[in-house]
Amino acid sequence: MEGNDLGKTSTGLNPTVAGLLCYLLGFVSGVLFLLIEKENRFVRFHAMQSIFTFIFFFVVNIALHFIPFIGWVIIPILGIVSLVVWILLMVKA
Numbered sequence: 019m020e021g022n023d024l025g026k027t028s029t030g031l032n033p034t035v036a037g038l039l040c041y042l043l044g045f046v047s048g049v050l051f052l053l054i055e056k057e058n059r060f061v062r063f064h065a066m067q068s069i070f071t072f073i074f075f076f077v078v079n080i081a082l083h084f085i086p087f088i089g090w091v092i093i094p095i096l097g098i099v100s101l102v103v104w105i106l107l108m109v110k111a
C-alpha cells in the first residue's frame, strides 16, 4: 500500500513514516504514538505491535538472566534476534 492510501494521521505525518517511528525507541515510541494518534488505524496497529513486541523481548531477557548457563548463552542470541526484528519491523512499516 502507498502512504496516500492509508488515510490521514492526527500527527500530520505520512502514515508510513509514523508507522516506522512507532518502532524507533521500542515500546516508548509505541506508547507515545498510541496516545497521540487517534485517527489512523495503520499507525495505531504499529504502535500496539511495537509495545507488545518490545515488552516481550524485555520480559524474556529479564527471565533469561535468572537461568544459569543456558540463559546466559541465549541472551546474546536474543539480542541479535531482537535487533533483526526491530529493523525488519521498521522496514515493513
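19 is the number of the first residue of the sequence shown in our numbering; add one for each residue after it.
All C-beta atoms in this analysis are idealised placements derived from N, C-alpha and C, irrespective of residue type, glycine included.
In this text the structure is predicted, and so the values were computed from the model without any measurement.
Spatial neighbours of residue i in its chain, beta-carbon cut-off 8 Å, leaving aside the 5 residues before and after
i     : result
Ala81 : Gly89
Ile69 : Phe45, Gly48, Val49 and Leu52
Leu96 : Phe75, Val78, Asn79 and Leu82
As assigned by DSSP and simplified to three states, the class of residue i
i      : result
Phe76  : helix
Ser100 : helix
Ile27  : Residue identity check: residue 27 is Thr in the sequence provided, not Ile. It is coil, neither helix nor strand.
Phe84  : coil
Close beta carbons around residue i, own chain, < 6 Å, minus the five adjacent residues each side
i     : result
Phe72 : Gly44 and Phe45
Gly25 : Asn58
Phe75 : Ser100
Pick from the options that is closest to residue i, judged by C-alpha positions
i      : options                       : result
Gly108 : Gly30, Lys26 and Ala36        : Checking the sequence, you will find Met at residue 108 rather than Gly. Ranking the options by Cα distance to Met108, first place goes to Ala36.
Lys56  : Leu38, Thr34, Thr29 and Phe76 : Thr29
Close-in-space but distant-in-sequence residues of the same chain around residue i (CB under 7 Å, 5 per side omitted)
i      : result
Trp104 : Tyr41
Nearest-angstrom Cα separation, counted from residue j out to residue i
i     : j      : result
Val61 : Lys110 : 12 Å
Leu38 : Phe84  : 33 Å
Phe63 : Leu106 : 16 Å
Ala65 : Asn32  : 15 Å
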